[in-house]
Amino acid sequence: MARDPGEGTEGTRAGGRNLLLIRTVITFALLASVVSVQIRSPELLLTGGFQLLYFAVLLSYGWLLLRYAAWGSVDLPPYAVFLQAVADVAFISIIVFATGLYDSIFSFMFVVVILLGSLERYLRGAVGWALLSSAAYTVLVYLQMRGILLPPGFEATYVPFSQFARSAVTHSTAFLLTGVLSGLLGEEIRKGKEKVRDRDDVILKLESFHKHVIDNIPSGLLTIDTHGRVNLVNDTACAILGMTREDTVGKPIGQVLSGIEGSEAREGRDDSRVPRPEIPFLRADGTEVFLGFSSSPMKDAEGHAIGRVVIFQDLTPIRQMEERVRIADRLAGVGELAAGLAHEIRNPLASIAGSSQLLRESAASSGESATLLDIIGRESQRLNGLITDFLAYTGPSQRNTTRLDVALLLRDVAEAVRAGEAREKGVAVELAPLPVLMAEGDGEQLKQVAWNLVRNALQAAPAGGKVMIDGFEQIRHGFRYVVATVTDTGAGIAPGILEKIFNPFFTTKEGGTGLGLSISQRIVHQHKGFIEVRPAPGKGCAFSVFLPAASARNGERNGDG
1 MARDPGEGTE GTRAGGRNLL LIRTVITFAL LASVVSVQIR SPELLLTGGF
51 QLLYFAVLLS YGWLLLRYAA WGSVDLPPYA VFLQAVADVA FISIIVFATG
101 LYDSIFSFMF VVVILLGSLE RYLRGAVGWA LLSSAAYTVL VYLQMRGILL
151 PPGFEATYVP FSQFARSAVT HSTAFLLTGV LSGLLGEEIR KGKEKVRDRD
201 DVILKLESFH KHVIDNIPSG LLTIDTHGRV NLVNDTACAI LGMTREDTVG
251 KPIGQVLSGI EGSEAREGRD DSRVPRPEIP FLRADGTEVF LGFSSSPMKD
301 AEGHAIGRVV IFQDLTPIRQ MEERVRIADR LAGVGELAAG LAHEIRNPLA
351 SIAGSSQLLR ESAASSGESA TLLDIIGRES QRLNGLITDF LAYTGPSQRN
401 TTRLDVALLL RDVAEAVRAG EAREKGVAVE LAPLPVLMAE GDGEQLKQVA
451 WNLVRNALQA APAGGKVMID GFEQIRHGFR YVVATVTDTG AGIAPGILEK
501 IFNPFFTTKE GGTGLGLSIS QRIVHQHKGF IEVRPAPGKG CAFSVFLPAA
551 SARNGERNGD G
């Protein structure tokens, strides 16, 4: 199984550091021993044996410094491994030679470097170090037996060949056995390390897979410990809640997802799965969303409860779609009734208006009769206007569909309102810088929607207040929309009234017909769009009209927003 390169390098660095440390300790122990002896016997300072021991210390430290400078603490390349073996055997050989060679009590230290070889390269290293140690010891003792090489401070002594052979065979056999046994043990250690690394790899892969699965679930997911604090949250949950992981992990669930604790309390805290309730949730940016969630107990391997798992989804698009379907059904029913009623009323109304006009033109009408006839004419006109609105409400859909720039439409409406009603009332109309906002639709109908919304905002804003008009593009539910927003600084809309404002004939204004917003909503629905309202009682209200952008109307699908 493949391992992370960084993880393997870190493991080899740790092993290399340990080997460097062991060699450094051995060399330091030799140096400390030599210094200790010389402190007790200063006369030995300039003897040949002690000079060789100092040379061995310098050789060891010099090689260790060279190794660290050239390769650091990672595993050595093959040629450097051979140099390390030569340096180790040479270090011990000098010690053995300086302390009497055949009579040296330090020949056992060859076993130490063989063990180091098993740690360096496992079985091959141990056997290699053992062969090199055997060869070095045998050659040195042989040269001493022949009188060619004498340890400093020692006289030449005759060593029978049989004694030399016994010593060489004994030491070589011990070295080789040590190498084989330590090498086999090293191989077991190596295999154990590989198994541990493979297991760690599996755990890391499982952790990564677990994280990817959780983060790519299209639903929000968070877990709660037994103290009611969030200890895990996925990316989808952060996106839905408008928070970061730092804002959620470790916080009480009531601070992260307010309202859920009450729903859980009503359902009880037994081991059963909590049915899926729905709650409104106010994000940090002020946007209200509707969440549907389910909660279930989380247990460990022994079946003990260790918290709860909460899975939730943003149901706002579904709620909006359901509301649009209800509105469309209501509009269809009311539209059919209004169309029939308007046509039935308009015919006799025309007769009444015509008759009153004839009577008014009659010379026989007295002053009182003329007044009454004026009332009849005026109210007939008002009723005719109401019927005209009815017919607009129930009239056919887009008659002159063209590709148009909504930004130009908003500018025309803003300029006309500034010169008229806004100037008379003393309300400032602010138009934000607008990009090109291309959509397809009936320009006159869409201008009527803009007029209705801006006039309503003017009537809601107090003298000295403001009406802000803005436009931009936004991706919503996977489609790109052109958004026109009209915001006022009036008193806002009370929550109890908000759900009624698009109902036909509902109005809070004296003399209003209650059809302006209904007509606007119908026109926008005919253009495959929708209207959103963001009220803030005491701070004003914002109406946003969403119209499919021209590219989206042609079937272009965009990334989800």
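Here the working numbering is used: the first residue of the sequence shown is 1, the next is one more, and so on. Every residue, glycine too, gets a C-beta built ideally from N, C-alpha and C. Small disclaimer: the values here were computed from a predicted structure and weren't measured.
For residue i, the nearest candidate out of the options (CA to CA)
i	options	result
Gly250	Val289, Gly242, Val233	Val233
Val310	Asn231, Leu383, Gln381, Ala284	Asn231
Leu66	Leu52, Gln51, Leu83	Leu83
Ser172	Phe55, Tyr137, Pro297	Tyr137
Gly492	Val533, Ile105, Ile519	Val533
Gly478	Val111, Pro151, Met109, Pro317	Pro317
Val112	Val89, Ile94, Leu149	Val89
Gln448	Leu409, Thr485, Val436, Ala460	Leu409
Leu53	Trp63, Leu76, Asp442, Ser93	Ser93
Gly496	Pro462, Leu372, Pro535	Pro535
His290	Pro297, Phe281, Ser296	Strictly speaking, residue 290 in this sequence is Phe, with His absent from that position. Nearest C-alpha to Phe290: Phe281.
Arg476	Met321, Leu176, Arg378, Gln381	Met321
Helix, strand or coil at residue i [DSSP, three-state]
i	result
Ala432	coil
Thr294	Note that residue 294 is Ser in the sequence shown here, rather than Thr. In this structure, Ser294 counts as strand in the three-state DSSP scheme.
Pro277	coil
Pro152	coil
Arg480	strand
Ser208	helix
Ser182	helix
Arg229	strand
Lys528	coil
Glu415	helix
Leu58	helix
Met145	helix
Leu437	coil
Arg565	For the chain, the structure presents residues 1 to 561; residue 565 sits outside this window and is missing.
Ala473	The identity of residue 473 in the sequence shown is Glu, whereas the question assumes Ala. Three-state result, Glu473: strand.
Gly192	helix
Asp270	In this prediction, Asp270 has a pLDDT of 47, which is less than 50 and means its spatial position is unreliable; nothing more can be read from the coordinates.
Asp300	coil
Lys466	strand
Pro495	helix
Pro317	helix
Leu515	coil
Ala542	strand
Pro218	coil
Pro348	helix
Ile501	coil
Thr173	helix
Leu241	helix
Ala549	strand
Ala168	helix
Sequence-distant residues of the same chain with beta carbon closer than 6 angstroms to residue i, five excluded per side
i	result
Ile501	Leu517
Tyr102	Val141, Gln144
Met468	Glu430, Thr487
Glu421	Leu458
Asp215	Asn234, Asp235
Ala239	none
Leu571	Here the chain has residues from 1 to 561 only, and residue 571 is not among them.
Glu187	Tyr122, Leu123
Residues of its chain near residue i, where Cβ-Cβ distance is below 7 angstroms and the 5 sequence neighbours each way are ignored
i	result
Arg418	Val429
Gly464	Gly426
Ala85	Gly117, Gly128, Trp129, Leu132
Ala549	Met438, Ala439, Glu473, Arg480, Tyr481, Val482
Ser182	Ile114, Leu115, Ser118, Ala126
Beta-carbon proximity list for residue i, same chain, < 8 angstroms, skipping 5 on both sides
i	result
Ser167	Tyr102, Val141
Lys539	Thr489, Gly492
Thr226	Ala305, Ile306, Gly307
Taking one C-beta from the stretch 416–435 and one from the stretch 450–469 each time, how about it: are there three or more such pairs within less than 8 angstroms?
-> These segments touch.
At least 3 beta-carbon pairs within less than 8 angstroms: the stretch 278–297 vs the stretch 188–197 = The answer is no - the stretch 188–197 does not touch the stretch 278–297, with fewer than three Cβ pairs under 8 angstroms.
Do the stretch 90–100 and the stretch 117–128 touch if we need at least three Cβ pairs shorter than 8 angstroms?
-> Of all C-beta pairs linking the stretch 90–100 to the stretch 117–128, fewer than three are shorter than 8 angstroms, placing the two stretches out of contact.
Write down every uninterrupted run of the beta strand (DSSP E) in the stretch 75–139 whose length is 3 residues or greater and which is fully enclosed by it, in chain order.
-> Within the stretch 75–139, no run of beta strand (DSSP E) reaches 3 residues while sitting entirely inside it.
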